[in-house]
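Let me begin by presenting the structure, written as structure tokens, before commenting on it.
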Amino acid sequence: MSKPSESVTDILKEWASIQEQLEKVFRNRDQIGAKEWMNKGIQLYLRFLFLTNGLPLSYNDAIPFESIEYKPVNLEERFAFIKYRPSLYHSYRQLSELMVEQEKQYARKTIQKNKRPT
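Using the UniProt record's numbering, the letters of the sequence shown correspond one by one to residues 1 to 118.
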């Protein structure tokens, strides 16, 4: 198994754990806990996005949305919504969808890479 695949597996396992915690905090209407866990989820999504696209990870720089090839539709708008409103349940649902869609983008990249002649 290649290193990127192992990293994706780790990211998805970590997301499952974060998602479980997010379900609990939103069920209990714990906005402070929701914000904390959402920030962890957002950082994890960024790791996944950058890994999928083979880019170096940087949390401090502006995200180069226009130069990212493998990304969900309307990522910039959706990500801005999540980032600025992390304690909303709708932000959690949006982040969950972005993770699912990014997993599909990673699979698409892997298939395209394997189809290219060497």
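For each residue, glycine too, the CB sits at the ideal point set by N, CA and C.
Model, not experiment: these values are computed from the prediction.
Per-residue burial, residue i [other beta carbons within 10 Å of its own, 16 or more giving buried]
i: Tyr84; result: exposed
i: Leu57; result: exposed
i: Ser2; result: Any reading at Ser2 needs caution, since the residue's pLDDT is 45, under 50, leaving its predicted position unreliable; the model's value is listed next. Per the 10 Å Cβ criterion, exposed.
i: Gln112; result: exposed
i: Val73; result: exposed
Own chain partners of residue i with C-beta closer than 6 angstroms, once the 5 adjacent residues on each side are dropped
i: Leu95; result: Gly41, Ile82
i: Tyr89; result: Phe26
i: Ser87; result: Gln31, Ala34, Lys35
8 angstroms Cβ cutoff met for residue i and residue j
i: Gln102; j: Leu55; result: no
i: Asn53; j: Ile68; result: yes
Same chain only: Cβ atoms within 8 angstroms of residue i, ignoring 5 sequence neighbours per side
i: Ile18; result: Trp37, Lys40, Gly41, Leu44
### Message
My parser needs the alpha helix (DSSP H) runs of 4 or more residues fully inside the UniProt domain "YpoC-like" (6 to 114); what are they?
### Response
For the UniProt domain "YpoC-like" (6 to 114), whole alpha helix (DSSP H) runs of length 4 or above, ordered along the chain, are 31 to 52, 75 to 84.
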